[in-house]
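*Asks:* Under the numbering used here, think of the first position of the sequence shown as 26, with each following residue one higher. Note that the Cβ used here is the ideal one computed from N, Cα and C, for glycine as well. One structure coming up, written as structure tokens, with questions to follow.
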Amino acid sequence: MISQEQNDRLTLVGPDKPMGKLLRRYWQPVGTAADLDKNPVQKVRLLGEDLTLYRSNKGEYGLVAERCPHRMVSLEYGFPDDRGIRCPYHGWLFDKGGRCVEMPYDDRINPQSTYKERVSIKAYPVQELSGLLFTYMGPLPAPELPRWDALVQPGFDVVIQIHKLPCNWLQCMDNAADPMHFEYLHAELGNYTLARQGKPPKMVRTPHLKIDFDRFEFGIMKRRLLEGESEDCDDWRVGHPLLFPNILAVGGKDAPTLQYRVPIDDTNTIQFAFRTKRRKPGAAPIPTTVDHAELFDKNGRIVADDVPAQDMVAWVMQGPISDRTQEHLSASDQGVIMFHKMLLEEVAKAERGEDTLGTVRDPARNQPMISLHREGAALRPFENQYVSVFDQKTVGAL
Ligand code: FES
Ligand SMILES: [Fe+2]
Numbered sequence: 026m027i028s029q030e031q032n033d034r035l036t037l038v039g040p041d042k043p044m045g046k047l048l049r050r051y052w053q054p055v056g057t058a059a060d061l062d063k064n065p066v067q068k069v070r071l072l073g074e075d076l077t078l079y080r081s082n083k084g085e086y087g088l089v090a091e092r093c094p095h096r097m098v099s100l101e102y103g104f105p106d107d108r109g110i111r112c113p114y115h116g117w118l119f120d121k122g123g124r125c126v127e128m129p130y131d132d133r134i135n136p137q138s139t140y141k142e143r144v145s146i147k148a149y150p151v152q153e154l155s156g157l158l159f160t161y162m163g164p165l166p167a168p169e170l171p172r173w174d175a176l177v178q179p180g181f182d183v184v185i186q187i188h189k190l191p192c193n194w195l196q197c198m199d200n201a202a203d204p205m206h207f208e209y210l211h212a213e214l215g216n217y218t219l220a221r222q223g224k225p226p227k228m229v230r231t232p233h234l235k236i237d238f239d240r241f242e243f244g245i246m247k248r249r250l251l252e253g254e255s256e257d258c259d260d261w262r263v264g265h266p267l268l269f270p271n272i273l274a275v276g277g278k279d280a281p282t283l284q285y286r287v288p289i290d291d292t293n294t295i296q297f298a299f300r301t302k303r304r305k306p307g308a309a310p311i312p313t314t315v316d317h318a319e320l321f322d323k324n325g326r327i328v329a330d331d332v333p334a335q336d337m338v339a340w341v342m343q344g345p346i347s348d349r350t351q352e353h354l355s356a357s358d359q360g361v362i363m364f365h366k367m368l369l370e371e372v373a374k375a376e377r378g379e380d381t382l383g384t385v386r387d388p389a390r391n392q393p394m395i396s397l398h399r400e401g402a403a404l405r406p407f408e409n410q411y412v413s414v415f416d417q418k419t420v421g422a423l
């Protein structure tokens, strides 16, 4: 149980909130290149800010304020230009730095006018990496955009799966610091859901004998020992990382996945799951696909018959912002407590203007990639049930 003030400090993401300031110090996914192929101008909402994401006619990405500062029309209906994005109403043109570089009527009637030089809109940098578009909304200079191994290592096929979730971001991340939930949320609820569908069980509820958590350069390594495993197994020796502050890296060496849980605002989150699968020797690469997944069925329920959906049940069903003033934490919550403590420590560092955990400043550290430790085979006792057979939909937040 924590105070309301602490819960607010941990959860609220607006630009003037302590956690909002911490999260802005990390590059966050804001869209995909494939979606901009379909429509090069998109309205997005990120960390409580309404913004316009676009690709110019020359292929440069930009992320600017939602509204044109002339008469405040939304740039959602703007269109790309060689130099940036043009407002649909009177044609003012903004470059990727948010500078107004053309006012068609004013420029025509008074070519000497310097008015446009005094007009700008908010703008954030955008970088594309492996089909994801990342932005940085924190204090400049921006750190390096981390090149996690799963994002850039060659020889893997990729599916980017996107879910919008009506809940605060921290519920998704608390779940990543809570290994024991596998027994009931995945094994038992999963089997129960399948039974109600008339299907056989997929998982075995193997008891956790112990769990542990280690801080490392980029976050927390979480480890577990399951009944029937020996202490030299990967689950206990290696584990897999929670990348501070809002990514889970999971999935084993042949199918590593990154799950970015990005706050849309205080009560909505978008998850970008970057799922990969090692390509068989000699096989042709499969082009990356982007899947915008529906969370709820036609009855407004989440069908909890696969691992990601089961996690999403837990995240969403804690409410828009989980009321942590009413919780009763127990022995299985040591990872959650550790994670919250780290978040508050790093919030304080951000308030002092210091670099926070996992900030990559040295370009050499980022090249050619940042390799992460993971289990060779995740959760061996479940191997035959599902993990050894890679399935884009089943490897979730274990
Ligand atoms: S409202 Fe944008 S140019 Fe007039
Ligand atoms: Fe899970």
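Heavy atom of ligand 1 less than 7 Å from the Cβ of V98, yes or no?
*Replies:* Locating residue 98 in the sequence shown gives position 73, counting from the first residue. Result yes, Cβ under 7 Å from ligand 1.
*Asks:* Can you look up R70 in the DSSP assignment and give me helix, strand or coil?
*Replies:* The residue given as residue 70 occupies position 45 in the sequence shown. DSSP places R70 in strand when its eight states are reduced to three.
*Asks:* Would you mind stating whether W173 and I395 have Cβ atoms separated by less than 8 Å?
*Replies:* The sequence position of residue 173 within the sequence shown is 148, counting from 1. The sequence position of residue 395 within the sequence shown is 370, counting from 1. Yes. Within cutoff.
*Asks:* Just curious, the beta strand (DSSP E) that N293 is in, first and last residue?
*Replies:* Stepping through the sequence shown from its first residue, residue 293 is reached at position 268. Taken as a continuous stretch (DSSP letters only), the beta strand (DSSP E) holding N293 covers 293–303.
*Asks:* What is the rounded straight-line gap between the Cα of T57 and the Cα of L88?
*Replies:* Residue numbering aside, residue 57 sits at position 32 when the sequence shown is read from its first letter. Residue numbering aside, residue 88 sits at position 63 when the sequence shown is read from its first letter. Computed Cα separation, rounded: 13 Å.
*Asks:* Is any heavy atom of ligand 1 found at a distance shorter than 7 Å from the C-beta of G436?
*Replies:* The structure shown does not extend to residue 436, since the chain is modelled only from 26 through 423, so no value can be given for it.
*Asks:* Please report how far the alpha carbon of F299 lies from the alpha carbon of V338, in whole angstroms.
*Replies:* Counting from 1 along the sequence shown, the entry for residue 299 is found at position 274. Counting from 1 along the sequence shown, the entry for residue 338 is found at position 313. Cα-Cα distance, rounded: 20 Å.
*Asks:* Taking three-plus beta-carbon pairs below 8 Å as touching, is the region 375–394 in contact with the region 163–173?
*Replies:* Touching, yes, given that three or more Cβ pairs across the two stretches are closer than 8 Å.
*Asks:* Measuring CB atoms only, is the region 337–355 touching the region 182–190, in the sense that at least three cross pairs come out at less than 8 Å?
*Replies:* Result yes; three or more Cβ-Cβ pairs closer than 8 Å.
*Asks:* For the candidate residues T301, V372, F104, whose alpha-carbon lies nearest to that of V177?
*Replies:* By one-based count along the sequence shown, residue 177 stands at place 152. That would be T301, whose Cα lies nearest to the Cα of V177.
*Asks:* Let me know the beta strand (DSSP E) ranges lying completely inside the region 119–177, each 3 residues or longer, listed in chain order.
*Replies:* List check, beta strand (DSSP E) in window: 125–127, 151–154, 157–160.
*Asks:* Please confirm whether any heavy atom of ligand 2 lies closer than 7 Å to the CB of F207.
*Replies:* The count along the sequence shown starts at 1 and reaches residue 207 at position 182. Because some heavy atom of ligand 2 lies under 7 Å away, the Cβ of F207 counts as near it: yes.
*Asks:* Would you kindly check if the distance between the Cβ of R49 and the Cβ of M162 is under 8 Å?
*Replies:* Counting from 1 along the sequence shown, the entry for residue 162 is found at position 137. Counting from 1 along the sequence shown, the entry for residue 49 is found at position 24. Contact flag set, yes.
*Asks:* Have a look at F364, K141, R34 and flag the residue whose alpha-carbon is nearest the alpha-carbon of H95.
*Replies:* The residue you call residue 95 lines up with position 70 of the sequence shown. Taking only the C-alpha atoms, the option nearest H95 is K141.
*Asks:* If we count the other Cβ atoms within 10 Å of its Cβ and call it buried at 16 or more, is I134 buried or exposed?
*Replies:* Residue numbering aside, residue 134 sits at position 109 when the sequence shown is read from its first letter. Exposed.
*Asks:* Please report the straight-line C-alpha distance between P270 and D131, rounded to a whole angstrom.
*Replies:* Here residue 270 refers to the residue found at position 245 when the sequence shown is read from its first residue. Here residue 131 refers to the residue found at position 106 when the sequence shown is read from its first residue. About 46 Å.
*Asks:* So P266 is in the beta strand (DSSP E); what residue range does that whole segment cover?
*Replies:* As a position in the sequence shown, residue 266 is number 241, starting the count at 1. Its beta strand (DSSP E) spans residues 265–268.
*Asks:* So is L157 buried or exposed if we call it buried at 16+ other beta carbons inside 10 Å?
*Replies:* Residue mapping note: residue 157 aligns to position 132 of the sequence shown, counting from 1. Buried is the call here.
*Asks:* Check whether the Cβ atoms of D291 and N200 sit closer than 8 Å, and answer yes or no.
*Replies:* Looking up residue 291 in the sequence shown gives position 266. Looking up residue 200 in the sequence shown gives position 175. No.
*Asks:* By the 10 Å Cβ neighbour count, where 16 or more other Cβ atoms means buried, how is N64 classified, buried or exposed?
*Replies:* One-based indexing of the sequence shown puts residue 64 at position 39. Burial call: exposed.
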